[in-house]
Amino acid sequence: MPTFADLAARVLGTEPRLGPVRLIAIDGPSGAGKSSFAGRLAKAAGLPVVHTDDLLDGWDDQFTFWSRLEAQVLGPLRRGQPGTYQRYLWHRGRFGGVPVTVEPAVGVLLEGSTSARRVIRPELSFSIFVDAPGDVRWRRVVERDGGGDVAFQQYLERWHAAEQEHFALEATAAHVDLMVDGAAENSGEEYERL
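1 is the number of the first residue of the sequence shown in the UniProt record's numbering; add one for each residue after it.
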């Protein structure tokens with residue numbers, strides 16, 4: 001079974017394509033296990049993680065956040081400068097808190113749905129798609145984000161449908177370097193390919 005240590009070596013062995021930075025996208029639908037996977041890879045590779053959910057301006061910003069990511073994070077990194085952004089406070093419905101600085105490190109993990117989109121592919125040093133069965137993903141999102149009310153479930157249904165349409169239009173899975181099973185049980189040091 002492949003290990004995160006081996007994957008870290010593979011990722012760090014790629015060429016920088018976002019200016020001096022290796023940008024590694026960890027894409028996939030919500031609830032697939034992207035954040036957990038990114039955390040394990042970040043630990044093994046010693047790289048920072050930018051979570052695209054932190055840059056969304058609420059539920060209706062599922063795809064349109066990219067210009068914010070570009071201006072605040074990717075653009076500066078491309079120039080070898082630190083990027084800075086404020087996290088979206090989902091419980092307050094606004095951006096705030098302490099600004100997050102992303103240094104132009106050897107590499108940066110960009111984790112989140114649509115992170116391996118077509119527009120950034122030429123500048124990705126490596127890309128990963130994490131997936132899991134729909135029922136597993138739904139359960140995880142409801143447990144993580146609290147989804148007992150009807151309004152939440154309606155948002156989630158629209159969100160999932162929009163994700164699937166995006167992945168189909170962009171042929172995301174066909175363009176990544178690695179497909180990962182986000183539902184597989186493992187030791188935390190290993191992962192399973194799809």
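All C-beta atoms, glycine included, are put in the ideal place defined by N, C-alpha and C.
Check, Outcome
"Kindly indicate which residue of Q62, L109, P99, D57 has the alpha-carbon position closest to the one of L74.", "L109"
"What are the uninterrupted segments assigned as alpha helix (DSSP H) that are 4 or more residues long and contained completely in the stretch 106-154, given in chain order?", "134-145"
"Round the Cβ separation of D27 and V176 to the nearest angstrom and send it over; I've been treating them as touching at under 8 Å.", "7 Å"
"Counting along the chain, where does the alpha helix (DSSP H) carrying L41 start and finish?", "34-45"
"Can you tell me which of S30, D54, L23 puts its alpha carbon nearest to the alpha carbon of A45?", "L23"
"Can you look up E185 in the DSSP assignment and give me helix, strand or coil?", "coil"
"Along the beta strand (DSSP E) that carries G96, what are the first and last residues, could you check?", "94-102"
"For F126, which residues in the same chain have their Cβ closer than 8 Å to its Cβ, ignoring the five residues on either side in sequence?", "R10, V11, T14, R22, I24, A25, D177, L178"
"Would S67 be called buried (16 or more neighbouring beta carbons within 10 Å of its own) or exposed?", "exposed"
"With distances taken between CB atoms, is the gap from V102 to G83 smaller than 7 Å?", "yes"
"Let me check you understand the geometry: is the CB of G107 closer than 6 Å to at least one non-hydrogen atom of the ligand FMN?", "Because no ligand of any kind appears in the structure shown, any question about the ligand FMN cannot be addressed here."
"Checking contacts by CB at 7 Å: is D135 closer than that to chain B?", "The question asks about chain B, but that chain is absent: this structure has only one protein chain."
"How many whole angstroms separate the CB atoms of V49 and E123, which I take to be in contact at a CB cut-off of 8 Å?", "Between E123 and V49 the Cβ distance is about 17 Å, and since that is not below 8 Å, they are no contact."
"Please state if the CB of R137 and the CB of P29 are separated by a distance shorter than 7 Å.", "yes"
"What is the rounded straight-line gap between the Cα of R40 and the Cα of R87?", "21 Å"
"If you compare alpha carbons, which of D53, Q72, R78 is closest to R17?", "R78"
"Would you kindly work out how many angstroms separate the C-alpha atoms of R139 and P133, rounded to a whole number?", "10 Å"
"On the three-state DSSP scale, how would you describe Q86?", "strand"
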